[in-house]
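Given below as C-alpha cells:
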C-alpha cells in the first residue's frame, strides 16, 4: 500500500492537471474581454477560438474537451459585444448595435489574445486560429495581420457576414495550412467555403476541405457525423 501511494504521488506531481483559467483582457481600444484559457501540454499548440454571431465562448465546450485530450491548449473568448465582453470604451455595448466598421475591428480581439498567450510563453507559431461562422471571417482577417500564426480552421465561413468579407483575403495569407469546413445543407456557407477552397488552391495554399451534410459553425460537430468531423479536424491539426 505504501509503495502504491508513493507511485501515485510521483505520477500526480509529474503530471499536474491542466485547469481552465478565467481571464480578463483589455484591447488597445478599450474593450474588456472575458476568456477561458487551458494551457497546452509541453510543446503542443494552443487554439484561439472565435465564436459565431450572438454566441459566446461556451459554444466551444465540446471541441475544447476533445482538444485537451490530445494535449492542445485552448483560449476561448467572448468577442466584444457578446457574453461577458460588453464593456466598451464608452460603456456597455452589445453586438446588435455594431456597424460594419465595428465588426471589422473585432479582429483586434485576437491581438489581445495573442498578447496574453505570449506572456504565458506561447508564441504565435504555436497558435491555431479557429473561427465559426462570422468568427471564421474574423479569423482569416486576423491571420493575415499575424503571419506567424501556425494554421487556421474556418467553420462555415461566408463571403460577407456583417460586412466582414473574405473575398481577396487569401492573396495575403501566405503558405500556412488552412482547413475549411461547411455543410451541404448550409448553402450560403457551403458555396462560400468552396470559393475559399478554390482560391486557396489558386494561391498554392496547403488547404483541406471538410464536407458535412448539415450544421453551421460549431454545430458541424454535433451528432455521430459531427463527432467524426471533429476527429478529422484534430487529426488534420496533428499532421500539419
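Numbering (this note's numbering), first residue to last: 3 to 242. By construction, the Cβ of each residue, glycine as well, lies at the ideal position given by its N, Cα and C atoms. On a predicted model such as this, the values are computed, not experimentally measured, just so you know.
Of the listed residues the options, nearest to residue i (C-alpha basis)
i	options	result
residue 151	30, 42, 49, 21	49
residue 97	47, 164, 129, 40	164
residue 83	45, 66, 33, 114	33
residue 28	115, 44, 100, 101	115
Sequence-distant residues of the same chain with beta carbon closer than 7 Å to residue i, five excluded per side
i	result
residue 4	Confidence in residue 4 is poor, its pLDDT being 38 and thus under 50, which makes the residue's placement too unreliable to answer from.
residue 199	182, 209, 211
residue 144	109, 112, 131
residue 149	176
residue 203	209
Buried or exposed (CB count within 10 angstroms, at least 16 for buried), residue i
i	result
residue 127	exposed
residue 226	exposed
residue 173	exposed
residue 187	exposed
residue 241	exposed
residue 101	exposed
Contacts around residue i, its chain only, beta-carbon distance under 8 Å, and the 5 residues preceding and following it disregarded
i	result
residue 59	36, 37, 38, 51, 53, 78, 79, 80, 85
Residue i at chain D interface by Cβ criterion, 8 Å
i	result
residue 229	The chain labelled as chain D is not found in the depicted structure, where only one protein chain is given.
Cβ separation of residue i and residue j, assumed to be a contact under 8 Å, to the nearest whole Å
i	j	result
residue 125	residue 139	Contact doesn't hold; Cβ gap of about 25 Å is too wide.
residue 47	residue 103	Wrong, their Cβ atoms sit about 32 Å apart, outside the cutoff.
residue 166	residue 136	6 Å
residue 94	residue 41	Contact doesn't hold; Cβ gap of about 31 Å is too wide.
residue 194	residue 161	5 Å
Contacts around residue i, its chain only, beta-carbon distance under 6 Å, and the 5 residues preceding and following it disregarded
i	result
residue 87	35, 36, 80
residue 236	72
Contact test: residue i Cβ vs the ligand HEM heavy atom, cutoff 7 Å
i	result
residue 178	In terms of ligand content, the structure shown is empty, and the ligand HEM therefore cannot be addressed.
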